[in-house]
Amino acid sequence: MSRHDDRLFYEKVDDAVAIERTIGDWPITFLVQPVTAGFLHACTIDDICHLLAHVPAGDLTGIDLFLLRQPTRKQQSLRPAWGRLAYYADTGKYRGRAIFLDAQQPGKSYRWSRSLTPDDATELDRLRSHGHGIEEDRRGFTVTSTLESIRTTQLYRTVLHELGHHVDYRSKITDRAKDQTDYDRRRDIYFARPSREREEFAHRYAAEQVRGLRDEGIIPFTRLDAPAALKKDGLDPAWFAAP
Numbered sequence: 034m035s036r037h038d039d040r041l042f043y044e045k046v047d048d049a050v051a052i053e054r055t056i057g058d059w060p061i062t063f064l065v066q067p068v069t070a071g072f073l074h075a076c077t078i079d080d081i082c083h084l085l086a087h088v089p090a091g092d093l094t095g096i097d098l099f100l101l102r103q104p105t106r107k108q109q110s111l112r113p114a115w116g117r118l119a120y121y122a123d124t125g126k127y128r129g130r131a132i133f134l135d136a137q138q139p140g141k142s143y144r145w146s147r148s149l150t151p152d153d154a155t156e157l158d159r160l161r162s163h164g165h166g167i168e169e170d171r172r173g174f175t176v177t178s179t180l181e182s183i184r185t186t187q188l189y190r191t192v193l194h195e196l197g198h199h200v201d202y203r204s205k206i207t208d209r210a211k212d213q214t215d216y217d218r219r220r221d222i223y224f225a226r227p228s229r230e231r232e233e234f235a236h237r238y239a240a241e242q243v244r245g246l247r248d249e250g251i252i253p254f255t256r257l258d259a260p261a262a263l264k265k266d267g268l269d270p271a272w273f274a275a276p
């Protein structure tokens with residue numbers, strides 16, 4: 034099997050446009066895939082950079098890549114996601130710790146069962162607060178998203194949540210490890226923790242950042258999608274539905 038075939042599905046972004054940015058003193062490579070019909074990238078690179086410029090100094094240290102990826106329709110159907118953190122991603126040309134945001138389908142509706150766990154109910158309330166349309170019937174809930182509600186969820190929730198996982202990992206492993214053996218030991222302990230414990234840390238981190246950024250008047254902010262700026266980076270404004 035070739036090295037290419039060994040990549041995970043979300044690492045296969047060979048057609049992505051690469052853009053280098055520096056946030057504070059930290060360099061990050063952004064990889065942006067073209068979108069297919071019906072999909073859009075809700076967050077622009079400028080959106081993400083503006084948000085991350087206001088998180089605590091040092092929290093970005095160790096994030097190498099930011100990927101705006103186009104999922105296949107099968108992936109979107111079987112494994113829908115707003116985004117994810119890869120502690121180590123290998124796209125072939127670019128490697129390192131990476132935050133992914135998946136392109137979404139504004140206007141598409143999807144169903145939620147009426148049988149909600151407490152976590153599901155919390156997530157549904159969160160989506161409602163982000164502006165997603167939610168209609169209830171006897172069988173469950175229909176959630177309909179707009180470009181703006183998707184942007185709110187991905188920018189003010191997903192990005193900060195995944196960054197929280199990174200901060201948790203780095204503070205417990207990378208910043209404490211004395212050598213490779215110690216690093217491996219700490220890493221095993223980290224992933225032996227219940228996933229709920231790791232999720233709760235990321236939830237708290239994101240919530241604290243949102244509160245602070247709102248109090249400072251940093252968020253919400255108008256979408257930074259000037260076509261000229263997108264074109265300057267070699268991006269097609271149509272991928273973002275820019276005016």
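Residue numbers (the numbering used here): 34 to 276. Where a beta carbon is used, it is the ideal one built from N, C-alpha and C, also for glycine.
Taking C-alpha atoms, which residue in the options lies nearest to residue i?
i, options, result
"residue 97", "115, 77, 51, 109", "51"
"residue 198", "219, 270, 147, 233", "233"
"residue 30", "140, 160, 148", "The question about residue 30 has no answer, for the chain in this structure spans 34 to 276."
"residue 194", "117, 91, 41, 57", "117"
"residue 196", "273, 237, 260, 150", "237"
"residue 54", "72, 41, 81, 67", "81"
"residue 259", "246, 271, 161", "271"
"residue 204", "213, 192, 220", "220"
"residue 160", "172, 188, 171", "188"
"residue 171", "148, 107, 41", "148"
"residue 128", "158, 109, 95", "95"
"residue 239", "255, 200, 261", "200"
"residue 86", "192, 226, 235, 222", "192"
Below 9 Å between beta carbons: does that hold for residue i and residue j?
i, j, result
"residue 202", "residue 210", "no"
"residue 185", "residue 163", "yes"
"residue 134", "residue 252", "no"
"residue 242", "residue 46", "no"
"residue 229", "residue 115", "no"
"residue 119", "residue 99", "no"
"residue 284", "residue 67", "This structure cannot settle anything about residue 284, because the visible part of the chain is limited to 34 through 276."
"residue 101", "residue 56", "no"
"residue 173", "residue 144", "yes"
"residue 79", "residue 257", "yes"
"residue 296", "residue 73", "Nothing about residue 296 can be reported from this structure: the residues present for the chain run from 34 to 276 only."
"residue 125", "residue 40", "yes"
"residue 183", "residue 137", "yes"
"residue 44", "residue 122", "yes"
"residue 109", "residue 42", "no"
"residue 77", "residue 263", "yes"
Below 8 Å on the Cβ atoms is my contact criterion, and I expect residue i with residue j to pass it. Report the Cβ-Cβ distance as a whole number of Å.
i, j, result
"residue 75", "residue 65", "That pair is no contact at about 13 Å."
"residue 62", "residue 103", "Not a contact, Cβ separation roughly 18 Å."
"residue 142", "residue 175", "5 Å"
If we cut at 9 Å on Cβ distances, does residue i have a partner in chain D?
i, result
"residue 245", "The structure shown contains no chain D; it holds only a single protein chain."
List, from N- to C-terminal side, the alpha helix (DSSP H) runs of 4 residues or more that fit wholly inside the region 67-145. 78-85, 106-111
Every unbroken alpha helix (DSSP H) inside the region 172-225 [4 residues or more]: 180-186, 192-202, 213-225
Entirely enclosed alpha helix (DSSP H) segments - the region 236-266, minimum 4 residues: 260-265
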